Ligand code: SAH
Ligand code: SF4
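Numbering (my numbering), first residue to last: 368 to 712.
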């Protein structure tokens, strides 16, 4: 709930407005029981306790990787399950690809995903349902409580397509950035989409006003359609127009993510098409070597991770054309908590 919704709680009727702010702040600090809220009168705590609960998700499994990654399996009220991941950055590398001291929460927005990208485990599960704002905020709170120094960044890159659940996402991020609560800067939040055109326009007009990443995968139209077959995705021309509109309103760079699939989208043609796609946009390119997921096929053939030479060659072509390229490390592979490996089966 937002502070305003808390003010309207019937059981807090007659209570002063500052009570809502106190409750909001307790929740942001990770309170798991009303009893902890010791600046509230006992009678109010009791009333709240009998009518409301502070958590709807429960942690069913905690997996810790050697690289500091923590993957949580979370059970939802209706028996559905999702995953949320805490990523710890390494110290800044020579190329500046990762910042030290960061704890990034990777949040899910749907149980499953309707987009069905052929390279993604979540996509292979199909779609169950949208998550509520509470279920999104709770992922943050639980990850915040397991990280040593608290979560410093959020990426909405877990299970699901965020722009197909914009209302809950907007509410959840509004709560996460609220200055009376967690107060995370919107500059430290990145929403990643597979390219839902109407959603990008909605972000440009109404927000949430976060950073934006788009999973381009390839700028070869025909190949992109085969790898990301979801009918709700914009064609490349429409996508670029939407990104221009977003950029015009927000004045920020767009990150283009491309998951590199060995032997499929790392060719000179792919690099050239990507360079062309970026013309007229302010972009940063994020190359993500494909994280293996067993059993995923593309047109009957098993997918494979790119070889080192494919990654380096692709990156070099982009850099030669003057693009800014970062490579995302394979954080979380040890706990199957890396990009595209999320999915409770
Ligand atoms: N649905 C949103 C956000 C979640 S997916 C989106 O698609 O943007 C987050 C990122 O993981 C996407 O960029 C996607 O391309 C990438 N990804 C999916 N499967 C992957 C895999 N097996 N290995 C590496 N990256 C993968
Ligand atoms: Fe869904 Fe993103 Fe996976 Fe595609 S890559 S199936 S949009 S979660």
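All C-beta atoms in this analysis are idealised placements derived from N, C-alpha and C, irrespective of residue type, glycine included.
Keep in mind the model is a prediction, meaning the values are calculated, not measured.
**OP:** For residue 699, count neighbouring Cβ atoms within 10 angstroms of its own Cβ and tell me buried if that reaches 16, exposed if not.
**Re:** As a first step, residue 699 must be located in the chain shown, where it is residue number 332. So residue 699 counts as buried.
Original post:
Counting pairs of beta carbons, one from the segment 551–563 and one from the segment 578–586, are three or more of them closer than 8 Å?
Top reply: Counting C-beta pairs with one atom in each stretch, the segment 551–563 and the segment 578–586 have three or more that are closer than 8 Å, which means they touch.
**OP:** Quick one: residues in its chain with C-beta nearer than 6 Å to the C-beta of residue 688, no 5 flanking neighbours on either side, listed in chain order?
**Re:** One-based indexing of the chain shown puts residue 688 at position 321. Excluding positions up to five away in sequence, the list reads 642.
Original post:
Nearest to residue 377 by alpha carbon, out of 385, 497, 418 and 591?
Top reply: As a working mapping, residue 377 is identified with position 10 in the chain shown. Residue nearest to residue 377 within the set 385, 497, 418 and 591 is 418 (criterion: CA-CA distance).
**OP:** Spell out a yes or no on whether the segment 607–620 and the segment 587–598 are touching, meaning 3 or more CB-CB pairs, one atom from each, closer than 8 Å.
**Re:** With a cut-off of 8 Å, the segment 587–598 and the segment 607–620 do not count as touching, because too few Cβ pairs lie within range.
Subject >> Same chain only: Cβ atoms within 6 Å of residue 704, ignoring 5 sequence neighbours per side >> reply: As a working mapping, residue 704 is identified with position 337 in the chain shown. Cβ neighbours of residue 704 beyond the five flanking positions: 436, 438 and 452.
Original post:
Taking residue 605 as the reference, which of 628, 566 and 624 has the closest Cα?
Top reply: Here the question's residue 605 lines up with position 238 in the chain shown. Residue 605 has its Cα closest to that of 566, out of 628, 566 and 624.
Original post:
Distance, Cα to Cα, residue 714 vs residue 383?
Top reply: Beyond the ends of the chain as shown, which are 368 and 712, falls residue 714; an answer cannot be given.
Original post:
Looking at residue 378 and the ligand SF4, is the gap between the Cβ and the nearest heavy atom below 7 Å?
Top reply: For the purposes of this step, residue 378 is identified with residue 11 of the chain shown, where counting begins at 1. Residue 378: no, Cβ never under 7 Å from the ligand SF4.
Subject >> Segment limits, beta strand (DSSP E) that includes residue 497 >> reply: Translated into positions along the chain shown, residue 497 becomes position 130. Residues 494–497.
Original post:
Does the segment 620–640 touch the segment 504–520, meaning 3 or more C-beta pairs lie closer than 8 Å?
Top reply: In short, these stretches do not touch, since the Cβ pair count stays below three.
Original post:
By Cβ distance, which residues of its chain are closer than 8 Å to residue 607, with the 5 residues on each side in sequence left out?
Top reply: Here residue 607 corresponds to residue number 240 of the chain shown, with the count starting at 1. Within the same chain, and ignoring the five residues on either side of residue 607 in sequence, the residues whose Cβ sits closer than 8 Å to its Cβ are 644, 647 and 648.
Original post:
Does any heavy atom of the ligand SAH sit closer than 7 Å to the C-beta of residue 613?
Top reply: Locating residue 613 in the chain shown gives position 246, where the first residue counts as 1. Flag unset: Cβ of residue 613 not near the ligand SAH.
Subject >> 3 or more residues per run - each beta strand (DSSP E) lying fully within the segment 380–452 >> reply: The segment 380–452 contains, as complete beta strand (DSSP E) runs of 3+ residues, the segments 425–431 and 437–442 (chain order).
Original post:
Listed by chain order, which residues have C-beta atoms less than 5 Å from any heavy atom of the ligand SF4?
Top reply: Environment of the ligand SF4, chain-ordered: 480, 482, 484, 487, 489, 490, 528 and 561, taking every residue with Cβ within less than 5 Å of a heavy atom.
Subject >> Distance between residue 635 and residue 528 (C-alpha atoms, nearest Å) >> reply: Here residue 528 refers to the residue found at position 161 when the chain shown is read from its first residue. Here residue 635 refers to the residue found at position 268 when the chain shown is read from its first residue. CA-CA distance, residue 528 to residue 635, rounds to 29 Å.
Original post:
Is residue 478 helix, strand or coil when you go by DSSP?
Top reply: Residue 478 sits at position 111 when you count from the first residue of the chain shown. DSSP places residue 478 within a strand segment (E or B) once states are collapsed to three.
**OP:** Can you say whether residue 375 is buried or exposed, counting buried as having 16 or more other CB atoms within 10 angstroms of its CB?
**Re:** The sequence position of residue 375 within the chain shown is 8, counting from 1. Within a 10 Å sphere around the beta-carbon of residue 375 sit fewer than 16 other beta-carbons, which makes this residue exposed.
Subject >> Cα-Cα separation, residue 509 to residue 601 >> reply: Your numbering for residue 509 matches position 142 in the chain shown. Your numbering for residue 601 matches position 234 in the chain shown. Going from the Cα of residue 509 to the Cα of residue 601 covers about 34 Å.
**OP:** Label residue 673 either buried or exposed according to how many other C-beta atoms from any shown protein chain fall within 10 Å of its C-beta, with 16 as the threshold for buried.
**Re:** Indexing the chain shown from 1 puts residue 673 at position 306. Buried, by the Cβ-count rule.
**OP:** Please check the pair residue 660 and residue 708, which I expect to be a contact at CB under 8 Å, by giving their CB distance rounded to whole angstroms.
**Re:** Here residue 660 corresponds to residue number 293 of the chain shown, with the count starting at 1. Here residue 708 corresponds to residue number 341 of the chain shown, with the count starting at 1. At roughly 6 Å, the Cβ-Cβ gap stays under 8 Å, so residue 660 and residue 708 are in contact.
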